[in-house]
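Asks: One gets the working numbering by counting positions in the sequence shown from 1 and adding 1092 to each. We treat Cβ as the ideally placed atom computed from N, Cα and C, and that holds for glycine.
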Amino acid sequence: MKLLCITESNSLIFMRNLHRLGYNEGVGLTLEESLRLTVAALMQVTGDSQRSVAAVLGLTQTQVSRRQSGAVSWSLRDVDVLAEHYGIGALDLLAGPTRACEALPADRRRSVRVDTKGASR
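1. Relative to the alpha-carbon of residue 1161, which residue among 1169, 1142, 1173 and 1178 has its alpha-carbon at the smallest distance?
2. In three-state terms, what does DSSP make of residue 1165?
3. Taking 8 Å as the threshold (C-beta atoms), are residue 1174 and residue 1060 in contact?
4. Buried or exposed: residue 1145, going by 16 or more other Cβ atoms within 10 Å of its Cβ?
5. Just how far apart, CA to CA, sit residue 1202 and residue 1179?
6. Just checking: is the beta-carbon of residue 1127 within a distance shorter than 8 Å of some beta-carbon in chain D?
7. Apply the 10 Å Cβ neighbour rule to residue 1128 and answer buried if 16 or more other Cβ atoms are within range, or exposed otherwise.
8. My assumption, with CB atoms under 8 Å, is that residue 1186 sits in contact with residue 1171. Please give the rounded CB distance.
9. Using only CA atoms, which one of 1197, 1183, 1199 and 1198 lies nearest to residue 1126?
10. Residue 1134 and residue 1192 - do their beta-carbons sit closer together than 8 Å?
11. Rounded to whole angstroms, what's the CA-CA distance from residue 1155 to residue 1169? Just pull it up for me.
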């Protein structure tokens, strides 16, 4: 599954991908599950890797992977550090992927070229 939330038009594609998986923001997901989706969306939007997120958090890539898989919970410290890294508020990060992507500063988004058929490269 590809998570996209790079421009306003692509955020619709992002939400359609989540809805296909049965995700409705605020419905049926725990805060932990929502946070994992949010971190994945922000990583996709910014081009961050688990390794680069791990460096920001002072963790290993394996530790970030375990958090993203749900084997280990994200800590409140992680939330604060991630929010600062992405230039958004902690509450925006916890509000879900849509809100976090909307709050993300434009200079943190990577550029994506879209062809005439609407597929991103």
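Replies: Put simply:
1. With distances taken between Cα atoms, residue 1161 lies closest to 1142.
2. In the structure shown, residue 1165 sits in coil (DSSP, three-state: anything other than H, G, I, E or B).
3. Beyond the ends of the chain as shown, which are 1093 and 1213, falls residue 1060; an answer cannot be given.
4. Here residue 1145 is buried: its Cβ has 16 or more other Cβ atoms, across all protein chains shown, within 10 Å.
5. Their Cα atoms are separated by approximately 14 Å.
6. Checking the listed chains, one finds no chain D in this structure; it contains a single protein chain.
7. Buried: at least 16 other Cβ atoms inside 10 Å.
8. Correct: roughly 7 Å between the Cβ atoms.
9. Just measuring C-alpha positions, the residue of 1197, 1183, 1199 and 1198 sitting nearest residue 1126 is 1183.
10. Against a cut-off of 8 Å, the Cβ pair of residue 1134 and residue 1192 comes out as a contact.
11. Here the alpha carbons of residue 1169 and residue 1155 stand approximately 14 Å from one another.
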